[in-house]
Structure formats: structure tokens, C-alpha cells
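Below: one structure, written as C-alpha cells.
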DNA sequence: TTAATATTTAGATATTTACCTAAATATATA
DNA sequence: TATATATTTAGGTAAATATCTAAATATTAA
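Protein chains in written order, with this note's numbering: chain F, 376 to 462; chain Z, 376 to 462.
What follows is the structure, given as C-alpha cells:
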């Protein structure tokens with residue numbers, strides 16, 4: 376749970392997730408949406424991956440990143456519990 | 376939204392919110408649940424307050440902290456939106 | 001009004017985080 | 001195989017964060 380919250384605590388990483396909401400993207404595509412270096416984006420992607428929020432698959436030279444929403448269920452549950460509304 | 380995620384990114388602050396879920400507590404009561412100094416807890420409480428996640432009221436020498444769950448609605452909405460399930 | 005209690009603010013330090021450039025790795029193509 | 005493209009890894013720096021102790025503030029009670 377800590378890795379999840381840490382991953383979501385950075386605005387760049389949250390924006391990456393928003394981008395991946397629509398479709399999977401290559402690391403380069405993702406980097407193209409930001410004004411920071413590719414290695415920095417790569418680092419953010421790694422943190423998202425470690426947190427379980429994204430998955431990766433290689434297709435040739437490209438690495439495609441996709442959002443993994445299953446952990447968001449846990450987050451929803453955490454929030455509901457805090458609101459004293461366990462589902 | 377950033378202050379909210381930043382506030383939730385620390386395990387101590389998340390635990391404070393869990394404590395406040397049941398009832399409001401004084402700063403000292405809260406500090407009693409942790410092995411870190413009172414000034415550190417005070418700092419965490421300040422961040423939670425700035426994020427809008429807790430409110431404070433003074434009663435004599437005591438400062439009572441209470442959870443404010445209204446922002447958790449925004450968080451829920453953010454998660455639902457990321458899951459492509461806008462309510 | 002002096003002393004005690006509750007808590008925060010200030011200032012310093014150690015750790016973590018975000019970022020950069022340069023180098024390395026993996027794959028594709030000429 | 002040699003070169004180009006896509007991406008990560010490594011190494012370093014600057015800024016942000018978490019923590020501490022000491023001092024300040026607010027309130028209560030003797």
C-alpha cells in the first residue's frame with residue numbers, strides 16, 4: 376500500500392496514468408508528453424511498475440506501457456474504509 | 376489535489392487518519408501512538424490540515440484534531456475516473 | 001503571578017526524491 | 001555485421017521531506 380501511495384504522490388506519475396487510461400503507449404510516446412528527460416520518465420515508469428500500477432510488454436524495440444487498474448480497487452477500499460463505509 | 380496525494384503518501388499520516396476515524400483526539404493522544412517526537416507529529420498534523428484532511432479546535436490547553444472526509448469524495452472521483460468509470 | 005501542561009515554531013541534519021548527462025542494453029535495419 | 005533507434009541503468013546533484021532538540025506560545029492551576 377505504501378508503494379501505491381508513493382507512486383501516486385507525484386504529479387508526473389499521475390499524469391502518466393491519465394495518458395495510459397485511453398490506451399497503452401510506448402515509453403517514448405509517454406516522454407513526448409513531458410518536458411523532462413527520457414531517463415527521468417523511465418524512472419517514473421519504473422516506480423509505477425514497482426507499485427503495480429502499470430504493466431509492460433516489449434514489441435520489438437518498443438516497450439509498451441499499460442495501466443493496471445486492479446490496485447485501484449484496493450485504493451477505493453482504503454478510502455471507503457476511512458470514510459467508515461466499508462462495502 | 377497534489378497536497379492531498381502528498382499528505383496521503385506518508386504512512387505516519389495515513390495512520391493518524393485511521394486513528395481519527397473513530398473519534399477526535401488531542402495532539403498529545405495522537406503522538407502517544409507513535410515513537411517519533413511530538414514536534415514531528417505536529418508537523419504531520421499541519422500537513423494534513425493544509426491538505427484539508429483534518430480540522431482542529433481548541434478546548435482549553437488542548438487542540439483536538441478531527442478527520443475531514445469531504446476531500447475523500449474527490450479522491451474517490453479521481454480513482455473512478457482513472458478506471459474509466461465516471462459516476 | 002508563578003509554575004506546570006499542551007502544543008507549536010524554529011533551526012539544524014539526515015534521508016529521500018526528482019532530475020540531469022553519459023553510458024549500457026536490446027532490437028531492427030542497411 | 002555495423003549502424004541507428006528505443007529505452008534503461010549508472011552516477012551525481014539539488015531540492016524536498018522527515019526527523020530531532022531547543023525555544024516559544026497558549027492555557028490552566030496553585
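For every residue, glycine included, the Cβ atom is placed at its ideal position computed from N, Cα and C.
- Scanning the stretch 407-454 of chain F for uninterrupted alpha helix (DSSP H) segments of 4 residues or longer gives 413-426, listed from N- to C-terminal end.
- Bridge partners of residue 400 (chain Z) according to DSSP: Z:440.
- The C-alpha of residue 382 (chain Z) is placed about 13 Å away from the C-alpha of residue 443 (chain Z).
- Taking 8 Å as the CB threshold, residue 400 (chain Z) stays off the interface with chain F.
- When rounded, the separation of the alpha-carbon atoms in residue 405 (chain F) and residue 450 (chain Z) is 24 Å.
- Contact between residue 441 (chain Z) and residue 378 (chain Z) fails: their C-beta atoms lie close to 18 Å from each other, not under 8 Å.
- Among the residues facing chain Z, residue 424 (chain F) is not included, as its CB has no counterpart in that chain under 8 Å away.
- Annotation: residue 414 (chain Z) has no Cβ neighbours in chain F at a cutoff of 7 Å; minimum Cβ distance is about 23 Å.
- Short of 7 Å from the beta carbon of residue 399 (chain Z), and not among the five residues preceding or following it, lie these beta carbons of its own chain, in chain order: 439, 440, 441.
- Per the Cβ contact rule, the stretch 454-461 of chain Z is not in contact with the stretch 410-418 of chain Z (fewer than 3 Cβ pairs under 8 Å).
- With a threshold of 8 Å between beta carbons, residue 384 (chain Z) makes contact with chain F.
- For the pair residue 408 (chain F) and residue 388 (chain F), the CB atoms are not nearer than the 8 Å cut-off.
- Taking 8 Å as the CB threshold, residue 447 (chain F) lines the interface with chain Z.
- Identification of chain F residues near residue 457 (chain Z) by a Cβ-Cβ cut-off of 8 Å yields 392, 393, 396, 442, 444, 447, ordered along the chain.
- The three-state secondary structure of residue 458 (chain F), taken from DSSP, is coil.
- If you ignore the 5 residues before and after residue 432 (chain F), its C-beta comes within less than 7 Å of the C-beta of 439, all in its own chain and listed in chain order.
- Residue-level contact by beta carbon holds for residue 380 (chain Z) and chain F, with a gap shorter than 8 Å.
- The residue from Z:453, Z:445, Z:446, Z:448 with its alpha-carbon nearest to that of residue 447 (chain F) is Z:453.
- The Cβ of residue 429 (chain Z) sits no closer than 8 Å to any Cβ of chain F.
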